[in-house]
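Chemist: Note that numbering that gives the first Met the number 0 gives residue 153 to position 154 of the sequence shown, counting from 1, and the numbers run on in steps of one. Have a look at the structure that comes next, please.
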Amino acid sequence: MCGFTLLHYYPAVQLAFIAYLAAQKGIAIDHGSISQRLLDKVAWLFANEEDLRPGKGFLLEVDEPVGAPDQRRERLARIRLFCTLAESLGFSLRGLRFDYRQPLLWIPEPEEVGLENSMVLMYARKMLIEKARPGDSFPGRIARGWQTAVQVPGHK
């Protein structure tokens, strides 16, 4: 196996949660990276699966770059990669600003409470494309209605 995605869809709120997206490094494939292929499939599902078509978008979690100086560069690069991949597939991916902790997968013992990993919860929504204006770059053609984000250095 070189890649895997686990996606939960919640019809009541028309949102999906990508609980797990893993791609093995160093494997060459045609037409992009393994991460690209996995997100291509997520986009395809939203466009083609009857139950997912009305979906508003999806959530995913990434490692928090703040507070991990030795891993900051790699974590920011991963965020930039996901933002770029999402945009290329017609989604606008933004970090939500609040203290998000990855829930434990078990009922914690009292001494384990508060030891959850600090993460960034990100929200991807389908982009609405406006009519292009002369001189607009592609991001300039994205509808400007929703703006909340953690700015990622190096990503527009």
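Even glycine gets a Cβ: it sits at the ideal position worked out from N, Cα and C.
Which stretch, first to last residue, makes up the alpha helix (DSSP H) that contains L92?
Modeler: That residue, L92, is in no alpha helix (DSSP H); its beta strand (DSSP E) goes 90-94.
Chemist: Taking the alpha carbon of L120 as the point to measure from, which residue in R52, Y19, V12 has its own alpha carbon closest?
Modeler: Ranking the options by Cα distance to L120, first place goes to Y19.
Chemist: Roughly how many angstroms separate the alpha carbons of W43 and E110, rounded to a whole number?
Modeler: Computed Cα separation, rounded: 43 Å.
Chemist: Go ahead and label P64 buried or exposed: buried means 16 or more other beta carbons lie within 10 angstroms of its beta carbon, across all protein chains shown.
Modeler: Counting Cβ neighbours within 10 Å, P64 comes out buried, since at least 16 surround it.
Chemist: Give the DSSP-derived three-state secondary structure of I33 in the structure shown.
Modeler: In this structure, I33 counts as helix in the three-state DSSP scheme.
Chemist: Which whole-angstrom value is the C-beta distance of A46 and F90, which I expect to be below 8 Å?
Modeler: That belief does not hold up - the Cβ atoms of A46 and F90 are roughly 11 Å apart, past 8 Å.
Chemist: Have a look at E108, L95, T4, R52 and flag the residue whose alpha-carbon is nearest the alpha-carbon of M118.
Modeler: M118 has its Cα closest to that of L95, out of E108, L95, T4, R52.
Chemist: If you reduce the DSSP assignment to three classes, tell me which class F45 lands in.
Modeler: Residue state, collapsed to three classes: helix.
Chemist: Just how far apart, CA to CA, sit Q3 and L84?
Modeler: In the sequence on display, residue 3 carries Phe and not Gln. Computed Cα separation, rounded: 16 Å.
Chemist: Quick one, which of C82, G113, S34, E115 has its alpha-carbon nearest R93's?
Modeler: Of the candidates C82, G113, S34, E115, the one whose C-alpha sits nearest the C-alpha of R93 is C82.
Chemist: Is it buried or exposed for A15, if we count other Cβ within 10 angstroms and need 16 for buried?
Modeler: It is buried - the Cβ of A15 has at least 16 other Cβ atoms within 10 Å.
Chemist: Counting only the same chain and skipping the five closest in sequence on each side, list residues whose C-beta sits under 6 Å from that of I17.
Modeler: Taken in chain order, the residues that qualify are L6, F57, L59.
Chemist: In the DSSP assignment, find the unbroken beta strand (DSSP E) run with L75 in it and report its ends.
Modeler: Run containing L75: none in the beta strand (DSSP E); it sits in the alpha helix (DSSP H), 71-87.
Chemist: Would you list the residues sitting across from R124 in a DSSP beta bridge?
Modeler: Note: R124 sits in a beta bridge opposite G56, S91.
Chemist: Check for me: the beta strand (DSSP E) holding I5 runs from which residue to which?
Modeler: The amino acid at residue 5 is misidentified as Ile; the sequence shows Leu. It spans 2-9 - the beta strand (DSSP E) in which L5 sits, taken as one unbroken run.
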